[in-house]
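**Student:** Protein sequences, first through last, are from chains A and B. According to my numbering, the stretch in the first sequence is residues 7 to 511, in order. According to my numbering, the stretch in the second sequence is residues 7 to 511, in order. Cβ atoms here follow ideal geometry from the backbone N, Cα and C, with glycine treated the same way. Quick one: the structure is below, and I'll ask about it shortly.
Protein chains: 2
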Amino acid sequence: MSDPLEQLRRRLAALSDLRCAAELLGWDQQTMMPPRGGPARAESLATLERIAHDMFVSAETGHLLEAAAAELDGAAPDSDDACLVRVTRRRWEKARRVPSELAAELARSASVGQEAWVEARRRSDFDAFAPYLEHNLELARRYVDCFDRFDCAYDALLDDYEPGIKTTTVSALFAELGSELAALITTLAQRSIDDSCLHGSFPIERQRELVEGVLARMGFDRAGWRMDDAVHPFAAALGSQDVRITTRWDQSYFASALYGAMHECGHGLYEAGIADSLQRTPLGHGESLGLHESQSRLWENMVGRGRPFCDVLAPSIAQTLGSSVAPETLYRAVNRVEPSFIRVEADEATYGLHVVLRFELEQELIEGRLAVSDLPEAWNERVQRYLGLEVRDDADGVLQDVHWASGAIGYFPTYALGNLIAGQLWERALADMPDLDAQIAAGELSPLRDWLREHVHRHGAKLETGELLQRVVGGPIAVAPFISYLKRKLGDVYGLELTAQPRPL
Amino acid sequence: MSDPLEQLRRRLAALSDLRCAAELLGWDQQTMMPPRGGPARAESLATLERIAHDMFVSAETGHLLEAAAAELDGAAPDSDDACLVRVTRRRWEKARRVPSELAAELARSASVGQEAWVEARRRSDFDAFAPYLEHNLELARRYVDCFDRFDCAYDALLDDYEPGIKTTTVSALFAELGSELAALITTLAQRSIDDSCLHGSFPIERQRELVEGVLARMGFDRAGWRMDDAVHPFAAALGSQDVRITTRWDQSYFASALYGAMHECGHGLYEAGIADSLQRTPLGHGESLGLHESQSRLWENMVGRGRPFCDVLAPSIAQTLGSSVAPETLYRAVNRVEPSFIRVEADEATYGLHVVLRFELEQELIEGRLAVSDLPEAWNERVQRYLGLEVRDDADGVLQDVHWASGAIGYFPTYALGNLIAGQLWERALADMPDLDAQIAAGELSPLRDWLREHVHRHGAKLETGELLQRVVGGPIAVAPFISYLKRKLGDVYGLELTAQPRPL
């Protein structure tokens with residue numbers, strides 16, 4: 007066999023092209039597609055998945071992987087080629103256990119379920135949605151049954167989103183996180199913060215100007231990016247030169263679009279920062295969803311809701327929205343802690359609890375301990391327990407997220423893991439860049455972006471998240487840095503002594 | 007082999023899904039993609055084409071076709087199944103002669119060339135564009151070399167766009183058409199028409215309202231359609247339930263967007279009207295580009311520029327653009343004949359000459375009788391000869407169309423063939439529907455749409471264009487009905503006795 011590595015690369019490039027086409031089909035479904043296009047879209051996505059799956063799991067790919075590994079014997083383990091073979095082999099070992107028809111059906115149901123969810127959520131009709139969730143759970147169980155090396159069903163699902171992590175690890179992290187957050191929320195509930203400066207009447211076009219100004223500072227560039235509206239904001243990348251983010255607009259509350267866009271732009275910067283040499287390979291996207299989310303949350307919260315950036319935001323808000331607000335007032339407003347129904351709009355302290363409750367419920371669902379018909383009640387009970395709120399409307403409750411509708415079970419934990427990782431990276435960045443606060447206050451965000459590119463983005467999926475964290479922060483995912491960051495900030499905002507650990511220098 | 011027809015259908019459905027994905031990638035490239043996305047897009051399109059081509063031309067497809075044909079022995083030749091096997095076999099016989107790498111390279115170069123053209127046209131820089139055209143011609147010649155059953159190189163290319171037609175047939179039709187049009191233009195040059203009512207300052211948003219009103223009457227429906235902006239307007243369909251049209255806007259001349267949109271909506275109605283039973287099969291799109299163009303031109307010109315519809319347009323224009331114009335004045339203005347540089351904005355009398363000159367030039371290019379470097383001069387000379395105009399700027403000359411940039415050589419003739427077919431269908435529709443003029447004048451366009459759906463749209467690609475015309479108008483493509491229609495209308499507009507044949511009743 008002549009040059010198996012080159013043959014492998016060609017095969018993987020074609021697969022990357024197929025994934026890219028599927029990514030566009032998905033992006034289009036959520037942003038552009040006319041409603042009646044749904045059924046045909048689901049078929050197209052299923053076909054692309056079937057073809058890509060068949061091509062990937064074929065014995066030919068296995069032979070090429072084996073021959074390429076032999077060809078690379080002695081190569082530096084960090085080289086692009088060595089990582090390519092290692093990561094691809096790991097994915098191939100997993101994928102080849104999944105029948106092609108199941109892979110296609112998962113793709114079809116994800117697309118169909120998403121359309122059903124949009125409609126069910128609009129009408130707040132859980133019963134209309136239930137059969138799609140039942141079907142997705144059934145498929146997820148069939149998927150889990152393809153494997154025998156996992157300790158539990160949920161491990162097999164989680165591994166697709168956060169490779170290598172165990173449910174028990176997540177449970178331990180969440181136990182620590184949950185108790186820290188619950189205590190924090192109880193403490194803060196005694197004081198209140200005025201966030202009236204975020205509410206009012208703000209024409210969308212003026213908000214757009216504000217948001218575009220912020221995104222431009224972050225690195226959004228029309229030559230290689232675009233931004234559209236979506237019901238459930240997301241980011242998609244067709245390679246590093248075609249990055250697409252979405253946001254939604256609320257005429258009465260500009261923070262929704264502003265922080266949503268910063269969040270998605272954080273995802274986009276990750277994809278835009280991946281090395282050219284990794285494009286059109288399986289390494290050309292972010293490695294894990296937790297790591298991806300760490301980027302979006304770092305930009306949204308550590309930067310966007312940090313005191314320094316409020317010095318940039320306040321004058322921009324005055325200029326675009328015509329509202330005069332002091333940076334300090336803005337800083338306090340955007341960090342107000344208050345239990346609420348919607349995860350994506352939750353403050354940083356309550357956010358984690360939204361994730362914990364989903365993590366618990368989806369384990370129960372997949373293991374059959376909770377019936378779909380009992381889910382709304384279980385959801386509402388959990389919201390009452392964790393957030394002290396009574397859900398009156400499924401649209402703001404169990405129907406609020408698209409994930410289960412699109413079969414993404416095991417995905418939610420990565421959101422909270424992303425917060426933890428963001429806490430770790432932020433601590434490291436502050437230590438590495440003594441001028442970071444001053445730079446951000448001056449609106450200079452490129453030093454931070456460059457630091458993230460150097461330490462995270464450029465690697466794409468070359469390193470597992472654990473390995474990358476080991477190199478950058480010297481250890482595995484941990485709760486302490488995030489809690490420390492949060493207590494420091496909220497102590498500042500609420501005028502309370504919360505800080506357990508000193509700010510790193 | 008169990009049920010080969012069912013197996014064939016499944017295989018063709020997957021191919022249809024792949025084509026659908028490619029269609030979306032192409033649509034997105036021209037409407038949404040950020041500029042730097044171009045290179046990755048070309049690779050994705052090449053990969054989709056390679057995979058689809060390989061799947062289609064495989065021996066397995068051949069065996070299924072053979073077995074399905076045997077299974078269908080005795081079936082009605084007009085049945086969906088019989089047509090499916092017949093049409094697919096014809097395409098398979100052609101496609102299997104083309105190497106997969108050439109098919110992929112054609113797709114890649116089409117995408118790359120299109121991006122290069124946008125930039126070259128913007129800068130009116132033919133030299134920057136020339137290498138892409140050279141490459142596309144080289145690929146076209148390699149493509150032609152795959153076949154031995156065609157009388158000349160151009161026949162092989164033409165056959166992809168207008169299956170079954172010969173260059174000699176087109177030449178004969180164009181000789182007749184050209185001389186009729188030239189005589190007509192000479193006659194009309196003696197009189198002038200005032201079209202000042204079309205010019206002015208018309209905010210795009212008001213124009214959009216006008217256009218959307220007209221499209222809604224035609225059958226555009228947001229649930230299954232969308233409209234976007236494009237440099238070179240086009241229509242795309244991802245099945246009958248997801249139809250996408252594009253238009254461009256000129257603040258100083260509303261006819262550009264209005265008639266452009268009606269034109270593309272005509273294409274869209276064809277795709278939207280194809281029978282459900284043909285979706286996700288090779289029969290699920292329009293058969294030939296000439297037939298497709300007949301639909302766009304019929305709506306744009308026979309309806310849109312006809313006297314009855316001016317009774318609908320005039321009040322709409324008053325309401326949306328605030329310009330008061332009499333229906334008769336509008337009718338005369340939109341039918342003004344005057345040689346001009348841009349094909350897509352040409353009147354109905356000069357339009358055909360734009361096509362004839364391209365038809366001549368591309369034959370010379372493909373046969374090597376004309377060098378790419380000599381093309382601008384040859385173009386300008388031909389424009390002088392046919393239209394009496396001196397081209398001062400390649401952007402308004404040889405660079406105006408995207409077709410050669412995307413490798414579509416042999417495509418242009420179908421535009422003029424479309425006019426001829428539209429003339430034939432229009433004659434038939436008028437004869438079939440005595441109330442058609444009155445319906446159109448009342449803004450009721452659905453009877454015409456239903457007639458077209460019944461006689462043309464629903465068949466998809468079941469019937470070759472010649473066969474369909476035989477059934478609907480009783481003969482092959484002919485020049486006389488179109489010229490007769492044109493003389494009748496222009497005689498009316500110009501107050502001259504041009505009508506050679508009486509209006510059919």
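(1) Could you give the distance in angstroms between the alpha-carbon of I489 of chain B and the alpha-carbon of G429 of chain B?
(2) Taking W231 of chain A as part of the beta strand (DSSP E), name the residues at either end of that continuous run.
(3) Measuring only the C-alpha atoms, how far is H2 of chain A from L71 of chain A?
(4) Quick one: give me the first and last residue of the beta strand (DSSP E) that A243 of chain B is part of.
(5) Go through its chain and collect everything with a Cβ distance to G424 of chain B's Cβ below 6 Å, but skip five positions before and after it.
(6) What residue does the alpha helix (DSSP H) around V361 of chain B start on, and which one ends it?
(7) Does L244 of chain A have its Cβ less than 8 Å from a Cβ in chain B?
(8) For L190 of chain B, tell me which candidate among B:L393, B:F208, B:R338, B:W305 has the shortest Cα-Cα distance.
(9) Output the boundary residues of the beta strand (DSSP E) element that contains V249 of chain A.
(10) Output yes if chain B places a C-beta closer than 8 Å to the C-beta of S64 of chain A; else output no.
(11) Is Q476 of chain A buried or exposed, if buried means 16 or more other CB atoms sit within 10 Å of its CB?
(12) Tell me Y259 of chain B's beta-bridge partners as DSSP assigns them.
(13) Considering only C-alpha positions, which residue in the set A:L275, A:L194, A:V91, A:L31 is nearest to K468 of chain A?
(14) With a CB to CB cut of under 7 Å and the five nearest residues on each side skipped, what residues in its chain are close to V408 of chain B?
(15) Name, please, each residue of chain A whose Cβ falls closer than 7 Å to the Cβ of W231 of chain B.
(16) Skipping 5 residues on each side, what residues in its chain have a beta carbon closer than 6 Å to that of E12 of chain B?
(17) Name the two residues that bound the continuous alpha helix (DSSP H) containing S330 of chain B.
(18) Could you pull out every residue in the same chain whose Cβ sits closer than 6 Å to the Cβ of W385 of chain A, ignoring the five residues on either side in sequence?
(19) Given a cut-off of 8 Å, decide if L18 of chain A and T193 of chain A are closer than it, judged by their beta-carbon atoms.
(20) In its own chain, which residues sit with a C-beta less than 7 Å from the C-beta of E354 of chain A, not counting the 5 before and 5 after it?
(21) Identify the contact partners of S50 of chain B in chain A, using a Cβ-Cβ distance below 7 Å as the criterion.
(22) Is L436 of chain B helix, strand or coil when you go by DSSP?
(23) Under 8 Å between beta-carbons, which chain A residues line up against G43 of chain B? List them in chain order, please.
(24) Which of the three DSSP states is assigned to Q445 of chain A in this structure?
(25) Decide if the segment 195-215 of chain A is in contact with the segment 330-343 of chain A; the criterion is three or more beta carbon pairs, one per stretch, under 8 Å apart.
(26) Short of 9 Å Cβ to Cβ, which residues in the segment 254-288 of chain B face chain A?
(27) Would you say L54 of chain B reaches chain A, if we count a Cβ-Cβ gap shorter than 8 Å as a contact?
(28) The alpha helix (DSSP H) spanning K100 of chain B covers which residue range?
(29) Does the segment 328-337 of chain A touch the segment 236-252 of chain A, meaning 3 or more C-beta pairs lie closer than 8 Å?
(30) Is the segment 206-225 of chain B touching the segment 245-263 of chain B, taking contact as three or more C-beta pairs under 8 Å?
(31) Under three-state DSSP, which class holds Y417 of chain A?
(32) So with Cβ pairs under 8 Å, would you call D34 of chain B a contact of chain A?
(33) Drop a sphere of 10 angstroms on the beta-carbon of P137 of chain B, count the other beta-carbons inside from all chains shown, and report buried for 16 or more, exposed for fewer.
(34) Report back the beta-carbon spacing between V176 of chain B and F365 of chain B to the nearest angstrom; my notes put them in contact at under 8 Å.
(35) Considering only residues of the same chain and omitting the five flanking positions on each side of A58 of chain A, which have a CB-CB separation below 6 Å?
(36) Just the chain B side, please: which residues come within less than 7 Å of I210 of chain A by C-beta, in chain order?
**Tutor:** Here's the rundown:
(1) For the purposes of this step, residue 489 of chain B is taken as residue 483 along the second sequence, with counting starting at 1. For the purposes of this step, residue 429 of chain B is taken as residue 423 along the second sequence, with counting starting at 1. Per the coordinates, the alpha-carbon of I489 of chain B lies some 8 Å from the alpha-carbon of G429 of chain B.
(2) Position 225 of the first sequence holds residue 231 of chain A. Unbroken beta strand (DSSP E) run through W231 of chain A: 231-235.
(3) In the structure displayed, chain A extends from 7 to 511; residue 2 of chain A sits before or after that span and is not available.
(4) Numbered from 1 along the second sequence, position 237 holds the residue referred to as residue 243 of chain B. Element bounds for A243 of chain B: 241-243.
(5) Position 418 of the second sequence, counted from the first residue, corresponds to residue 424 of chain B. The beta carbon of G424 of chain B sits closer than 6 Å to the beta carbons of G296, E299, S300, R303 from its chain, once the five residues preceding and following it are set aside; these are given in chain order.
(6) Within the second sequence, numbered from 1, the residue matching residue 361 of chain B stands at position 355. Segment 354-372, the alpha helix (DSSP H) holding V361 of chain B.
(7) The residue labelled residue 244 of chain A in the question sits at position 238 within the first sequence. For L244 of chain A, at least one C-beta of chain B is nearer than 8 Å to its own C-beta.
(8) Sequence index remark: in the second sequence, residue 190 of chain B carries index 184 (1-based). Nearest C-alpha to L190 of chain B: B:L393.
(9) Position 243 of the first sequence, counting from 1, holds the residue named residue 249 of chain A. Residue range 249-253 is occupied by the beta strand (DSSP E) that includes V249 of chain A.
(10) Translated into positions along the first sequence, residue 64 of chain A becomes position 58. Under the Cβ distance rule, S64 of chain A does not count among the residues neighbouring chain B, no pair being separated by less than 8 Å.
(11) The residue labelled residue 476 of chain A in the question sits at position 470 within the first sequence. Exposed: under 16 other Cβ atoms inside 10 Å.
(12) Stepping through the second sequence from its first residue, residue 259 of chain B is reached at position 253. Paired residue(s): B:H205.
(13) Translated into positions along the first sequence, residue 468 of chain A becomes position 462. Ranking the options by Cα distance to K468 of chain A, first place goes to A:V91.
(14) As a working note, residue 408 of chain B is residue 402 in the second sequence. Short of 7 Å from the beta carbon of V408 of chain B, and not among the five residues preceding or following it, lie these beta carbons of its own chain, in chain order: Q120, W123, H238.
(15) Locating residue 231 of chain B in the second sequence gives position 225, counting from the first residue. In chain order: P40.
(16) Position 6 of the second sequence holds residue 12 of chain B. Taken in chain order, the list of residues that qualify is empty.
(17) Here residue 330 of chain B refers to the residue found at position 324 of the second sequence. Per DSSP, S330 of chain B belongs to no alpha helix (DSSP H) and is neither H nor E.
(18) Against the first sequence, residue 385 of chain A aligns to sequence position 379. These residues qualify, in order along the chain: G403, V404.
(19) Locating residue 193 of chain A in the first sequence gives position 187, counting from the first residue. Locating residue 18 of chain A in the first sequence gives position 12, counting from the first residue. Pairing T193 of chain A with L18 of chain A gives a Cβ-Cβ distance that is not under 8 Å.
(20) If you number the first sequence from 1, residue 354 of chain A lands on position 348. Non-local beta-carbon contacts of E354 of chain A in its own chain, meaning distances under 7 Å to residues more than five positions away in sequence, involve N307, L492 in chain order.
(21) The residue you call residue 50 of chain B lines up with position 44 of the second sequence. Neighbours of S50 of chain B on chain A, chain order: D23, C26, A27.
(22) The residue labelled residue 436 of chain B in the question sits at position 430 within the second sequence. Here L436 of chain B sits in helix by DSSP.
(23) Mapped onto the second sequence, residue 43 of chain B falls at position 37. Neighbourhood of G43 of chain B in chain A, by CB distance below 8 Å: G230, L244, G245, Q247, D248, in chain order.
(24) For this step, residue 445 of chain A is matched to residue 439 along the first sequence. Residue state, collapsed to three classes: helix.
(25) They touch, by the three-pair rule.
(26) Across the segment 254-288 of chain B, CB contacts with chain A closer than 9 Å involve Q285, R286, in sequence order along the chain.
(27) Here residue 54 of chain B is taken as the residue at index 48 of the second sequence, counted from 1. It does: the Cβ of L54 of chain B has a partner Cβ on chain A nearer than 8 Å.
(28) Here residue 100 of chain B refers to the residue found at position 94 when the second sequence is read from its first residue. 86-101 is the span of the alpha helix (DSSP H), which, as asked, contains K100 of chain B.
(29) Under the Cβ criterion (8 Å, minimum of three pairs), the segment 236-252 of chain A does not count as touching the segment 328-337 of chain A.
(30) Cβ pair count under 8 Å is three or more, so yes.
(31) Along the first sequence, one-based indexing puts residue 417 of chain A at 411. Correct three-state label for Y417 of chain A: coil.
(32) The count along the second sequence starts at 1 and reaches residue 34 of chain B at position 28. Closer than 8 Å: yes.
(33) On the second sequence, position 131 is the one that residue 137 of chain B refers to. Counting the other CB atoms within 10 Å of its CB gives P137 of chain B a total below 16, which places it among the exposed residues.
(34) Numbered from its first residue, the second sequence carries residue 176 of chain B at position 170. Numbered from its first residue, the second sequence carries residue 365 of chain B at position 359. Between F365 of chain B and V176 of chain B the Cβ distance is about 7 Å, and since that is below 8 Å, they are a contact.
(35) Mapped onto the first sequence, residue 58 of chain A falls at position 52. So the qualifying residues of the chain are L21, L24.
(36) The residue given as residue 210 of chain A occupies position 204 in the first sequence. Near I210 of chain A there are no residues of chain B at all, since even the closest Cβ is about 15 Å away, more than 7 Å.
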